[in-house]
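So the sequence shown is numbered by my numbering: it starts at 97 and just counts up by one.
Glycine is no exception: its CB is placed at the ideal position from the N, C-alpha and C atoms.
A quick note: this is a predicted structure, and the numbers were derived from the prediction, not measured.
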Amino acid sequence: MSILKLKPSCKDYLWGGRRLKDEYGKEYEGSVLAETWELSCHPDGPSYITNGPYAGKTLQAYIDGEGKEVLGTHCRRFRDFPILTKFIDAKDNLSIQVHPDNRYALKNEGQYGKTEMWYVMDAGEHAFLYYGFRREVSREEFARRIEEDTLLEVLNAVPVQKGDVLFIESGTIHAIGKDILIAEIQQNSNVTYRVYDYGRVGKDGKKRDLHIEKALAVTRRVPIVKDKSSYPHVADCDYFTVDKLNLDGKVMKRMEGSVSDESFASILILDGEGMISDADGALAYRKGDSFFLPAGGGGYTVEGSCNALVTTIREKAAPVRIGIAIGGTETKIGLVDVHQKLIVSERMKTDVSLPPEEFVREVGQSALALLERAGIAVDQCVGAGIGVPGTVDGRRGIVRYSNNIPWENVALAKEMGALLPMPVSIANDADCAALGEAVAGAGKSCQDVVMVTLGAGVGGGIILDGEIYGGGGIGGSELGHMVIVEDGEPCTCGRRGCLEAYVSVPALVRDAKRATGKALSPQEIFDGAGSGDDALRKVVDLYIRRLGTGIVNIVNIFRPQLVLLGGELSAVGELLAGPLSDMVKKGCFGGEKGGLPEIGTAALGNEAGVIGAASLHFDKRALHIQKNRV
């Protein structure tokens with residue numbers, strides 16, 4: 097069956113009790129059981145599957161084996177598994193602590209920050225917890241009170257009872273008090289900065305470490321202003337949405353749900369017992385059990401008497417994506433919204449003298465700084481895409497070879513992912529430019545677009561069904577290196593007769609110099625041909641025939657809806673479009689009966705590569721919808 101029952105990892109922190117063992121049946125040999133990590137892919141405490149083909153293996157092993165599709169489309173924006181679910185038994189007070197946000201944690205700890213929620217399962221008569229400050233305090237007072245052990249005097253003590261819910265955003269100082277049992281749903285992180293610990297000692301007899309400087313750097317030192325209610329949810333944020341399931345076993349004794357392909361579902365049983373089932377079978381549950389329902393699993397039923405928390409991942413609100421276009425001399429960074437509009441951008445020098453990791457660090461820091469200047473939180477970004485010249489292994493995120501930068505076997509996605517708290521994808525720069533034109537430029541009404549860039553070389557990209565076509569290898573489409581003249585002009589790739597050897601800017605300038613003895617610019621060549629210079633007219637006519645031969649070959653193979661001309665020579669695109677269209681009509685198999693493409697000119701200029709790179713994370717289904725509305 098698709099429903100997976102999970103077994104937790106157990107933690108014996110010194111403040112823990114025995115309730116999770118004695119009342120919830122958790123299997124653990126030690127005398128103290130503070131936490132059970134019920135839904136976890138974190139290496140510090142993974143959860144294990146107890147049923148089905150993956151029984152005995154970790155939840156992460158299941159995801160690796162079945163593919164990230166089991167997490168759902170809403171989880172594509174996360175680099176790692178998004179959440180961690182716990183039971184916490186606080187027999188004694190927990191330390192006063194704070195969690196960093198994503199940006200600080202990624203930079204300093206190499207993992208995500210932590211926003212979390214607490215659901216109070218049980219609490220003693222006088223139980224309370226600390227939740228933010230009673231009043232605003234300065235950094236200096238905060239540091240002084242930590243040193244003088246007077247911090248508790250300015251913390252906000254909140255009495256709690258069974259059923260209470262608290263949302264703890266990163267940067268909020270907090271602590272669970274003694275005699276409280278809690279269900280916690282949090283970001284997938286284990287980063288905690290302790291600022292006060294009641295002078296306790298650990299198993300080694302020494303006082304536990306405090307993290308004062310880091311806490312000073314990340315703590316928000318103002319009283320918490322509660323946000324509006326999450327109704328109808330128990331909690332709702334960009335990291336998780338939590339709903340309450342209540343079956344009384346009498347009037348309400350059955351609930352039918354469905355797991356779409358948008359998100360997995362996690363069901364954490366707080367109390368009660370019964371059965372959970374889907375089309376493939378049924379499992380018994382009791383209080384303390386945890387279940388994982390993969391995305392796309394369809395309908396399921398919960399029967400019996402229980403209280404439970406159901407956690408899913410919703411779509412990101414107002415998402416932004418980072419697009420980075422690395423060139424041989426200049427790198428462009430931009431922020432792109434859900435409508436494929438460039439919000440803001442900047443340029444920086446591509447310093448080829450730097451080691452790759454140093455240059456990547458500079459670019460990543462510049463991207464974060466651009467977000468800050470634009471007033472956009474890093475958490476609003478759902479992904480970063482990078483276009484880079486050369487041979488790119490997009491699946492593994494590696495630049496295999498680039499002679500323009502120059503790089504060789506650079507793990508670009510991994511290096512950038514250590515700086516940006518989001519998934520990072522990479523692709524060839526020409527592919528990114530083609531994708532940019534397809535989603536936001538001259539090709540935005542088409543699903544199938546080929547772009548041919550005419551510049552120092554001849555490159556291009558192929559977009560089929562709204563996605564970059566990369567073939568089965570790692571090189572992408574090298575449109576400029578199809579042979580159009582056997583044993584013809586030498587090409588930069590080492591072969592002869594390639595399209596690039598005839599229709600690049602250097603090739604056009606070469607042929608014009610041969611014909612006139614003059615070093616002319618492309619614009620001068622076309623202007624001269626248009627003014628009646630017979631030698632230049634012959635050069636241009638031959639140029640168009642060679643380019644047309646290449647385009648006819650491309651159309652015969654891929655049958656796109658649109659062929660776009662980009663690069664430096666696209667400035668004369670209007671002079672080329674008519675003759676090229678005639679060649680396509682005459683030369684393509686089936687002629688007009690075969691459905692011929694339009695010949696157009698790229699519209700976005702330098703923005704195409706940035707928008708295309710950012711669009712490596714754009715939902716393909718959304719792209720279909722967007723195009724169908726045009």
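Taking C-alpha atoms, which residue in the options lies nearest to residue i?
i, options, result
"S677", "G646, L665, A667, I653", "G646"
"V706", "D637, R114, F388, S441", "S441"
"D489", "E504, Q461, A523", "A523"
"R175", "E358, Y289, K303, L515", "L515"
"Y598", "E249, A709, M578, H170", "M578"
"I278", "G392, L405, Y289, T169", "L405"
"L508", "E453, G400, N204", "E453"
"E533", "G628, G471, V659", "V659"
"T397", "L341, V434, H195", "L341"
"T446", "T425, L466, I439", "T425"
"R316", "V233, I363, H307", "V233"
"E309", "E236, S354, G419", "E236"
"G691", "P656, A710, A673", "P656"
"G669", "N204, L595, P618", "P618"
"E119", "D260, R382, I145, K302", "R382"
"I494", "V484, G486, N505", "N505"
Check for me: the beta strand (DSSP E) holding residue i runs from which residue to which?
i, result
"T154", "Segment: none, T154 is in no beta strand (DSSP E) and carries neither H nor E."
"Y227", "224-229"
"L100", "100-103"
"G419", "416-422"
"N505", "503-506"
"E426", "426-433"
"K164", "Note, K164: premise wrong, no beta strand (DSSP E); not H, not E."
"E232", "Careful: E232 lies outside any beta strand (DSSP E) and carries neither H nor E."
For residue i, collect the residues of the same chain with a Cβ closer than 7 Å to its Cβ; drop the 5 residues on either side in sequence, then sort them by chain order.
i, result
"Y124", "C106, K117"
"V254", "F224, L225, Y227"
"A93", "Any answer about residue 93 is impossible in this case: the structure gives the chain only from 97 up to 726."
"G141", "S105, K107, W133"
"E358", "G168, T169, H170, A391"
Just verifying my parser: in three-state terms, what is the DSSP assignment at residue i?
i, result
"R717", "Legend: pLDDT at R717 = 40, less than 50; position of this residue unreliable, no value from coordinates given."
"I522", "strand"
"G686", "coil"
"S498", "strand"
"Y144", "strand"
"L515", "coil"
"G395", "strand"
"G493", "coil"
"A552", "coil"
"V601", "helix"
"E134", "strand"
"K723", "For K723, the predicted structure reports a pLDDT of 46, less than 50, and the residue's modelled location is therefore unreliable. A value from the coordinates is still provided. The answer is helix: DSSP assigns K723 an H, G or I state."
"A480", "strand"
"K203", "helix"
"V680", "helix"
Give me the DSSP bridge partner(s) of residue i.
i, result
"R290", "Q193"
"G370", "Y381, G400"
"W214", "L262, E280"
"W111", "None; W111 has no bridge partner."
"V355", "G394"
"S386", "L102, L364"
"D728", "Residue 728 lies beyond the range of the chain shown here (97 to 726); nothing can be said about it."
"T697", "L661"
"M348", "BP columns for M348 are empty, so no partner."
"L560", "E563"
"F183", "T132, A279"
"P255", "F224"
"T408", "T337"
"T487", "Y497"
Go through its chain and collect everything with a Cβ distance to residue i's Cβ below 6 Å, but skip five positions before and after it.
i, result
"A378", "M371"
"A530", "M547, G557, I559"
"A718", "Low per-residue confidence applies at A718: pLDDT is 41, beneath 50, and the placement is therefore not dependable enough to give any value."
"Y292", "I192, L247"
"G683", "V648"
"L190", "W111, A271, I272"
"G808", "Lying before the first or after the last residue shown, residue 808 is absent from the chain, which here runs from 97 to 726."
"Y565", "I558"
Which same chain residues, not among the five before or five after residue i, have their C-beta less than 8 Å away from its C-beta?
i, result
"K737", "The structure shown does not extend to residue 737, since the chain is modelled only from 97 to 726, so the question has no answer here."
"Q156", "C137, P142, F177"
How far does the alpha helix (DSSP H) with residue i in it extend, from its first residue to its last?
i, result
"K187", "Note, K187: premise wrong, no alpha helix (DSSP H); not H, not E."
"L638", "630-654"
"V459", "452-470"
"G708", "703-710"
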